[in-house]
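There are 2 protein chains.
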Amino acid sequence: MLKPLVEPKQHPLTDLYAPIAAEMTQVESLLKTELTSKYEFVDELLRKSNRLSGKRLRPALLLLFAKSFGDITEDQIKLAAAIEMIHTATLVHDDILDSAEQRRHNSTINYEYGNQTAILTGDFLFSHAFFLTSTLPTTFAAQEIGRSTNKVCEGEMRQIGTKDQFDLSQKEYLEIIDAKTAVLCSCATKLGTHYAGGTDAEVDAAAAYGTNLGIAFQIVDDLLDIVGDESKTGKSLGTDLEQRKPTLPLIHLLDSVADSEKSLYLNSLRSDDLNPATILDWFSKSDSVNFSKTMAIHYAKKAVDALGQLQASPEKEILAAIPHFVLERSH
Amino acid sequence: MLKPLVEPKQHPLTDLYAPIAAEMTQVESLLKTELTSKYEFVDELLRKSNRLSGKRLRPALLLLFAKSFGDITEDQIKLAAAIEMIHTATLVHDDILDSAEQRRHNSTINYEYGNQTAILTGDFLFSHAFFLTSTLPTTFAAQEIGRSTNKVCEGEMRQIGTKDQFDLSQKEYLEIIDAKTAVLCSCATKLGTHYAGGTDAEVDAAAAYGTNLGIAFQIVDDLLDIVGDESKTGKSLGTDLEQRKPTLPLIHLLDSVADSEKSLYLNSLRSDDLNPATILDWFSKSDSVNFSKTMAIHYAKKAVDALGQLQASPEKEILAAIPHFVLERSH
Numbered sequence: 001m002l003k004p005l006v007e008p009k010q011h012p013l014t015d016l017y018a019p020i021a022a023e024m025t026q027v028e029s030l031l032k033t034e035l036t037s038k039y040e041f042v043d044e045l046l047r048k049s050n051r052l053s054g055k056r057l058r059p060a061l062l063l064l065f066a067k068s069f070g071d072i073t074e075d076q077i078k079l080a081a082a083i084e085m086i087h088t089a090t091l092v093h094d095d096i097l098d099s100a101e102q103r104r105h106n107s108t109i110n111y112e113y114g115n116q117t118a119i120l121t122g123d124f125l126f127s128h129a130f131f132l133t134s135t136l137p138t139t140f141a142a143q144e145i146g147r148s149t150n151k152v153c154e155g156e157m158r159q160i161g162t163k164d165q166f167d168l169s170q171k172e173y174l175e176i177i178d179a180k181t182a183v184l185c186s187c188a189t190k191l192g193t194h195y196a197g198g199t200d201a202e203v204d205a206a207a208a209y210g211t212n213l214g215i216a217f218q219i220v221d222d223l224l225d226i227v228g229d230e231s232k233t234g235k236s237l238g239t240d241l242e243q244r245k246p247t248l249p250l251i252h253l254l255d256s257v258a259d260s261e262k263s264l265y266l267n268s269l270r271s272d273d274l275n276p277a278t279i280l281d282w283f284s285k286s287d288s289v290n291f292s293k294t295m296a297i298h299y300a301k302k303a304v305d306a307l308g309q310l311q312a313s314p315e316k317e318i319l320a321a322i323p324h325f326v327l328e329r330s331h
Numbered sequence: 001m002l003k004p005l006v007e008p009k010q011h012p013l014t015d016l017y018a019p020i021a022a023e024m025t026q027v028e029s030l031l032k033t034e035l036t037s038k039y040e041f042v043d044e045l046l047r048k049s050n051r052l053s054g055k056r057l058r059p060a061l062l063l064l065f066a067k068s069f070g071d072i073t074e075d076q077i078k079l080a081a082a083i084e085m086i087h088t089a090t091l092v093h094d095d096i097l098d099s100a101e102q103r104r105h106n107s108t109i110n111y112e113y114g115n116q117t118a119i120l121t122g123d124f125l126f127s128h129a130f131f132l133t134s135t136l137p138t139t140f141a142a143q144e145i146g147r148s149t150n151k152v153c154e155g156e157m158r159q160i161g162t163k164d165q166f167d168l169s170q171k172e173y174l175e176i177i178d179a180k181t182a183v184l185c186s187c188a189t190k191l192g193t194h195y196a197g198g199t200d201a202e203v204d205a206a207a208a209y210g211t212n213l214g215i216a217f218q219i220v221d222d223l224l225d226i227v228g229d230e231s232k233t234g235k236s237l238g239t240d241l242e243q244r245k246p247t248l249p250l251i252h253l254l255d256s257v258a259d260s261e262k263s264l265y266l267n268s269l270r271s272d273d274l275n276p277a278t279i280l281d282w283f284s285k286s287d288s289v290n291f292s293k294t295m296a297i298h299y300a301k302k303a304v305d306a307l308g309q310l311q312a313s314p315e316k317e318i319l320a321a322i323p324h325f326v327l328e329r330s331h
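As you go down the protein sequences, you meet chains A and B in turn.
First residue of the first sequence: 1, per my numbering; consecutive thereafter.
First residue of the second sequence: 1, per my numbering; consecutive thereafter.
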């Protein structure tokens, strides 16, 4: 049953983790020791799923905020690992939703073991994250992580409900990506700051950073479906269009064209033989890609601005650099 | 989108809940208010999923143990609702695993809305249960529920890994049904007793009751796949056999026949055109169904014995009657 795993290349973002390198190693060790089972089959699945997420962005955010206040505690390492488990659980379940075969050069759990096994692997990761969080002395983190994960699910459910719904407003789109992506980033930054003894204003600033960074990240991710380099992103262009998922560039495009053209576009989008190439061509004639890039820049700037509330530290410098990194993916 | 739901008949087991009728109503109200969303699509899914589980056995067990010590607190109502949400989440995901179309006379989430939506609905229920649990003053319940849910997932993953594994031992089978079914019953009885101020010995006795009742219940459930009345169980006979799931009667049968016969049986079980009717016929010539019934009785008795540790109360009488009820399903 055991197959060698392809060791994925280090993500360049991880170079930024230098000030928390030792702590990130502790998080990795904890993930390795927590995600084991005495039953070989279960153990294999847990080890595989632990490799699916690459950048470890959420634990890094938590620890960067925490360390900007002082030394990292064992509880913060646990929380960083728990948040990464939640994120991995959502990836494992997302891969089923997207019938994805590969993630980061390894085959997905659903592709290799079937959907049933992938559902249970995700469930195991969720429940183990909650268990780990509840080993902290107070219920604060468990509440935050429970509530945030719940919002992630609600956001994803809403997104499924918006399939084919091409009159989705920009406001609704932003609410959905806030829930499905930004909430967990915000949970990480908030917990890192809270458990480091940050003031209420500092915790709010950290949460605002996480939210805005998450929104910028998701706008860029959605843009890459239209303007990405397939060899870099490892995804086929136009997948969201094929799945009839209304994302920001498309919402803007439909808002900005004349009614006659809009009807034509909607007919194409709703036709059974929808061709992503045709739709990608529409964007080349519109300003919608640029508009979406500007929106991503707007949220990335808001993330950096939120850091104004924090005292100077090497970690703060890094946190200020991360949004730029997120934006660079879209160029 | 909205469809009228068929109101399922009250399960006869619920007649036993008389001493906690008012509290069970509070649990129902809490489930209704917690499982809502301001987004219509999400709200519809939550309302539907809340109707999938019928007997409310786990909340009833929690409250019966709690009330045998005194008045029920708001925290116990929350825990009863949280445990039911976890149970419902596992049902929603199980229905995907089994490609089930109906549960309790309503169509399943996967059948009506597709697997994607069902995965997310289950995830929502899990995370909401964890959130609700973490609103209690201490982390005790969150730890218990996190750990128990994790064991349920591990048990289900192991069961998938044992597909086709017809040399599964009785010991392994019992371990798996303990994890996938009995652990959550035991969690309910343990929490009910702990939060009622039970002594360590009383909490252990309550846990033992939950474990043994859960094991008896699952053995009976597995038996009904072979000897059940399709019109009563609402399931086709031989489904486990068709899915090549080794359960107690089959394990016993293969252990008790001569080697030559065993080879014949194994060939049939492994053949592409496995016919459940043929296999059901083997059981009529064996003692394996009786053996399994005896095992269920053994565990049901152990559950009743565990109650010896508790002081007399009307709730204890009811708790002593529930295992008999579980056994009656197999006659």
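Every residue gets a Cβ at the ideal spot worked out from N, C-alpha and C, and that includes glycine.
Please read these numbers as outputs of a predicted model, since none were measured by experiment.
Count Cβ pairs between the segment 165-172 of chain A and the segment 184-198 of chain A that sit closer than 8 Å; are there 3 or more?
No, the segment 165-172 of chain A does not touch the segment 184-198 of chain A.
Tell me A:Q102's beta-bridge partners as DSSP assigns them.
Translated into the one-based positions of the first sequence, residue 102 of chain A becomes position 102. According to DSSP, which records beta bridges pairwise, A:Q102 is partnered with A:S107.
Helix, strand or coil: how does DSSP classify A:T36 here?
Start at 1 with the first residue of the first sequence, and residue 36 of chain A comes out as number 36. Three-state DSSP puts A:T36 in coil, outside helix and strand.
Inspect the beta-carbon positions of A:R51 and A:N106 and report whether they are closer than 9 Å.
In the first sequence, residue 51 of chain A corresponds to position 51, counting from 1. In the first sequence, residue 106 of chain A corresponds to position 106, counting from 1. Yes; because the gap between Cβ atoms is below 9 Å, this pair is in contact.
Tell me which same chain residues have a C-beta within less than 6 Å of the C-beta of B:A80, skipping the five on either side of it?
Here residue 80 of chain B is taken as the residue at index 80 of the second sequence, counted from 1. The residues are V27, P59, L62 and L63.
Pick out whichever of B:K171, B:R158, B:Q143 and B:E34 has its Cα sitting closest to the Cα of B:L132.
What you label residue 132 of chain B is simply residue 132 of the second sequence in a count that begins at 1. Closest by alpha carbon: B:E34.
Residues of the segment 143-174 of chain A with a CB closer than 7 Å to any CB of chain B: list them in chain order, please.
So the list reads Q143, G146, R147, T149, N150, C153, E154, E156, M157, R158, I160 and G161, given in the order they occur along the chain.
Skipping 5 residues on each side, what residues in its chain have a beta carbon closer than 7 Å to that of B:Q309?
Numbered from 1 along the second sequence, position 309 holds the residue referred to as residue 309 of chain B. Excluding positions up to five away in sequence, the list reads A201, E202 and A205.
Report yes if the CB atom of A:T239 is closer than 9 Å to the CB atom of A:Y173, and no otherwise.
On the first sequence, position 239 is the one that residue 239 of chain A refers to. On the first sequence, position 173 is the one that residue 173 of chain A refers to. Not closer than 9 Å, so no.
Looking only at its chain, what residues have a beta carbon closer than 6 Å to the beta carbon of B:A129, apart from the 5 residues adjacent to it on each side?
Taking the first residue of the second sequence as 1, we reach residue 129 of chain B at position 129. Excluding sequence neighbours, B:A129 sits near A82, M85 and I86.
Using beta-carbon positions only, say whether B:R158 and A:Y39 come within less than 9 Å of one another.
In the second sequence, the residue the question calls residue 158 of chain B occupies position 158. In the first sequence, the residue the question calls residue 39 of chain A occupies position 39. Closer than 9 Å, so yes.
Along chain B, which residues have their Cβ under 8 Å away from the Cβ of A:N50?
To locate residue 50 of chain A, count along the first sequence from 1; it is residue 50. Neighbours of A:N50 on chain B: none; closest Cβ ~15 Å, over 8 Å.
I'd like the list of long-range same chain contacts for A:V6, defined as Cβ closer than 7 Å, with 5 residues on each side in sequence excluded.
Locating residue 6 of chain A in the first sequence gives position 6, where the first residue counts as 1. Its pLDDT being 47, under 50, A:V6 is placed unreliably in this model, and the value from its coordinates should be taken loosely. H105 and N106.
Helix, strand or coil, according to DSSP, for B:G166 in the structure here?
Looking up residue 166 of chain B in the second sequence gives position 166. In the sequence on display, residue 166 of chain B carries Phe and not Gly. B:F166 falls in the coil class under three-state DSSP.
Alpha carbon to alpha carbon, what distance is there between A:S236 and A:L16?
Working through the first sequence from its first residue, we reach residue 16 of chain A at position 16. Working through the first sequence from its first residue, we reach residue 236 of chain A at position 236. Rounded to the nearest angstrom, the two C-alpha atoms are 28 Å apart.
Within the continuous alpha helix (DSSP H) that includes B:A188, where are the two ends?
Translated into positions along the second sequence, residue 188 of chain B becomes position 188. That run of the alpha helix (DSSP H) goes V183 to H194.
Less than 8 Å between the CB atoms is what I'm expecting for B:S53 and B:T108, so what's the real figure, rounded?
For this step, residue 53 of chain B is matched to residue 53 along the second sequence. For this step, residue 108 of chain B is matched to residue 108 along the second sequence. With a Cβ gap of about 12 Å, B:S53 and B:T108 do not count as contacting.
Cβ of A:L247 less than 9 Å from any chain B Cβ?
Against the first sequence, residue 247 of chain A aligns to sequence position 247. For the record, residue 247 of chain A in the displayed sequence is Thr; it is not Leu. No, because no Cβ of chain B sits closer than 9 Å to the Cβ of A:T247.
First and last residue of the alpha helix (DSSP H) that includes B:N275?
In the second sequence, residue 275 of chain B corresponds to position 275, counting from 1. From DSSP, B:N275 is part of no alpha helix (DSSP H); its letter is neither H nor E.
Secondary structure at B:S68, three-state DSSP: helix, strand or coil?
If you number the second sequence from 1, residue 68 of chain B lands on position 68. Here B:S68 sits in coil by DSSP.
So, is the C-beta of B:Y265 closer than 9 Å to a C-beta in chain C?
No chain C is present in this structure, whose protein chains are A and B.
Taking Cβ positions only, does B:D204 come closer than 9 Å to chain A?
Within the second sequence, numbered from 1, the residue matching residue 204 of chain B stands at position 204. Closer than 9 Å: no.
CA-CA distance, A:I219 and A:A296?
The residue you call residue 219 of chain A lines up with position 219 of the first sequence. The residue you call residue 296 of chain A lines up with position 296 of the first sequence. Using only the alpha carbons, I get a separation of about 6 Å.
If the cut is a Cβ gap below 9 Å, which residues of chain B does A:L136 touch?
Taking the first sequence and counting its residues from 1, one reaches residue 136 of chain A at position 136. Within chain B, the residues near A:L136 are T139.
Between A:D98, A:L250 and A:G70, which has its C-alpha nearest A:G197's C-alpha?
Counted from its first residue, the first sequence places residue 197 of chain A at position 197. The shortest C-alpha separation from A:G197 is found at A:G70.
Please name the residues in the segment 33-49 of chain A whose beta-carbon is closer than 7 Å to at least one beta-carbon of chain B, in chain order.
From the segment 33-49 of chain A, only S37, Y39, F41, V42 and L45 have a Cβ closer than 7 Å to chain B.
At 8 Å on the CB atoms, spell out the chain B contacts of A:T117, in chain order.
The residue given as residue 117 of chain A occupies position 117 in the first sequence. Under the 8 Å cutoff, chain B gives M157 and I160.
Are the CB atoms of A:E154 and B:V42 nearer to each other than 9 Å?
For the purposes of this step, residue 154 of chain A is identified with residue 154 of the first sequence, where counting begins at 1. For the purposes of this step, residue 42 of chain B is identified with residue 42 of the second sequence, where counting begins at 1. Cβ atoms of A:E154 and B:V42: closer than 9 Å.
Please list, in chain order, all residues of the same chain as A:R244 whose beta carbon is under 7 Å from its beta carbon, the five residues on each side excluded.
Mapped onto the first sequence, residue 244 of chain A falls at position 244. K163, D164 and L269.
Within a Cβ cutoff of 6 Å, which residues of the same chain sit near B:K67, ignoring the five residues on either side of it in sequence?
For the purposes of this step, residue 67 of chain B is taken as residue 67 along the second sequence, with counting starting at 1. Counting only Cβ-Cβ distances below 6 Å, and skipping sequence neighbours, we find I20 and E315.
In whole angstroms, what separates the C-alpha of B:I119 from that of A:S99?
Mapped onto the second sequence, residue 119 of chain B falls at position 119. Mapped onto the first sequence, residue 99 of chain A falls at position 99. About 13 Å.
Check for me: the alpha helix (DSSP H) holding B:Q311 runs from which residue to which?
Locating residue 311 of chain B in the second sequence gives position 311, where the first residue counts as 1. It is not in any alpha helix (DSSP H) - B:Q311 carries neither H nor E in the DSSP assignment.
Is A:F124 close to chain B? Criterion is C-beta to C-beta, closer than 9 Å.
Taking the first residue of the first sequence as position 1, residue 124 of chain A is located at position 124. A:F124 counts as touching chain B.
Name, please, each residue of chain B whose Cβ falls closer than 8 Å to the Cβ of A:I72.
One-based indexing of the first sequence puts residue 72 of chain A at position 72. Chain B residues near A:I72: none, gap ~21 Å exceeds 8 Å.
Do the CB positions of B:L30 and B:F325 come within less than 9 Å of each other?
For this step, residue 30 of chain B is matched to residue 30 along the second sequence. For this step, residue 325 of chain B is matched to residue 325 along the second sequence. Against a cut-off of 9 Å, the Cβ pair of B:F325 and B:L30 comes out as no contact.
Rounded to whole angstroms, what is the Cα-Cα separation between A:T149 and A:T139?
Looking up residue 149 of chain A in the first sequence gives position 149. Looking up residue 139 of chain A in the first sequence gives position 139. The alpha-carbon atoms of A:T149 and A:T139 are separated by roughly 15 Å.
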